[in-house]
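Take a look at the structure set out below.
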Amino acid sequence: MALVNLKKITLFALLLVSCSFKQGLVVNNAEDAYKYFVSSEYLNEVWKGQCVFDLNDSSRLMKLVTLEKKDGKAMMSCIDGPMLEPFNETDLLPIWSFCNEEKSNYNGFADYVWNAAHTPGTLFIHLGEAIPEGQGSVIYVLIQHCHDWDNVNCTKPEMWDSCNITESGPIRSAAYSVLDAETGKIYW
2 MALVNLKKIT LFALLLVSCS FKQGLVVNNA EDAYKYFVSS EYLNEVWKGQ CVFDLNDSSR
62 LMKLVTLEKK DGKAMMSCID GPMLEPFNET DLLPIWSFCN EEKSNYNGFA DYVWNAAHTP
122 GTLFIHLGEA IPEGQGSVIY VLIQHCHDWD NVNCTKPEMW DSCNITESGP IRSAAYSVLD
182 AETGKIYW
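Numbers in my numbering are just positions in the sequence shown, counted from 1, shifted up by 1.
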């Protein structure tokens with residue numbers, strides 16, 4: 002009887018631990034976040050109004066970023082998609098190349114991206130609406146190929162201007178979307 006009770010207590014404790022892991026999150030990992038993005042009716046609607054390429058085309062993924070904020074510091078990890086390189090053919094800022102699969106805050110870059118997700122219209126994440134300040138302890142950023150610029154109409158920041166390189170082909174333009182893992186709300 003005591004052994005049965007001990008097994009029940011152990012099982013209950015394991016259940017509590019697994020439930021408390023990332024407790025309250027609608028989305029728990031990058032793979033689920035990507036599925037959440039592409040199945041969102043809202044994101045599909047705004048995507049179709051802005052982008053040429055299909056949101057559900059995973060071959061158009063540039064980066065999927067996971068950001069967590071603990072003790073006032075943001076940490077990020079990234080999954081590279083097949084459309085990422087080379088940077089002189091995209092409108093992504095080159096600093097994105099320092100975001101890799103390890104959780105890091107390369108020269109404070111994770112903090113910049115975290116702040117950008119909470120501020121509309123920044124260079125790092127071009128959002129019209131941002132996550133309200135103080136909200137979202139875990140967020141995901143989808144960076145996906147939206148359309149191509151020709152090298153005449155490209156609008157890249159001056160600090161990384163390969164738009165005027167005549168021998169360059171079309172410039173891949175990225176679209177950014179942010180998912181608050183706690184609420185499940187997507188920001189465009």
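Here a beta-carbon is modelled for each residue, glycine too, at the ideal position from N, C-alpha and C.
Note that the structure is predicted; figures quoted are calculated from it, not measured.
Nearest residue (CA-CA) to residue i, options the options
i, options, result
"A117", "N30, Y43, P133, Y107", "P133"
"E206", "R173, V114, S174", "Residue 206 lies beyond the stretch modelled for the chain, which goes from 2 to 189, so this question has no answer here."
"G73", "L180, S174, A175, S138", "S138"
"S59", "L180, G185, L143, T184", "L143"
"Y107", "P121, A75, Q136", "A75"
"A34", "Y141, T184, S174", "Y141"
"P83", "G50, A175, G122, T184", "A175"
"G129", "T120, K36, G135", "T120"
"K1", "G122, Y43, Q51", "Within the shown structure, residues of the chain are numbered from 2 to 189, placing residue 1 beyond reach of any answer."
Proximal residues to residue i (C-beta, below 8 Å), its chain only, five neighbours per side dropped
i, result
"F110", "M77, I96, F99, C100"
"C79", "K64, L65, V66, T67, W97, C100, N101, E102"
"C184", "Checking the displayed sequence, the identity of residue 184 turns out to be Thr instead of Cys. Once the five neighbours on either side are set aside, the close Cβ partners of T184 are V27, Q136, G137."
"V47", "W189"
"G122", "L128, G129"
Alpha-carbon to alpha-carbon, residue j and residue i
i, j, result
"W189", "V66", "15 Å"
"A182", "K104", "17 Å"
"S41", "G25", "20 Å"
"L56", "N45", "7 Å"
"F22", "C52", "Summary for F22: the model assigns pLDDT 43, below 50, so the residue's position carries little reliability; its value from the coordinates is reported in the next sentence. Approximately 36 Å between the Cα atoms of the pair."
"F38", "K71", "24 Å"
"V179", "K36", "13 Å"
Beta-carbon proximity list for residue i, same chain, < 6 Å, skipping 5 on both sides
i, result
"H127", "Y177"
"D112", "A75"
"V5", "A caution first: V5 carries a pLDDT of 45, below 50, which makes its placement in the model too unreliable to give a value."
Same chain, Cβ closer than 7 Å to residue i, neighbours up to 5 away in sequence not counted
i, result
"F54", "R61, H146, C147, H148"
"D81", "K64"
"A31", "L65, T67, I80, Y141"
"A131", "A118, H119, T120, P121, Y188"
If we require 4 or more residues per run, which alpha helix (DSSP H) segments fall completely within the region 57-121? The qualifying runs are 110-118.
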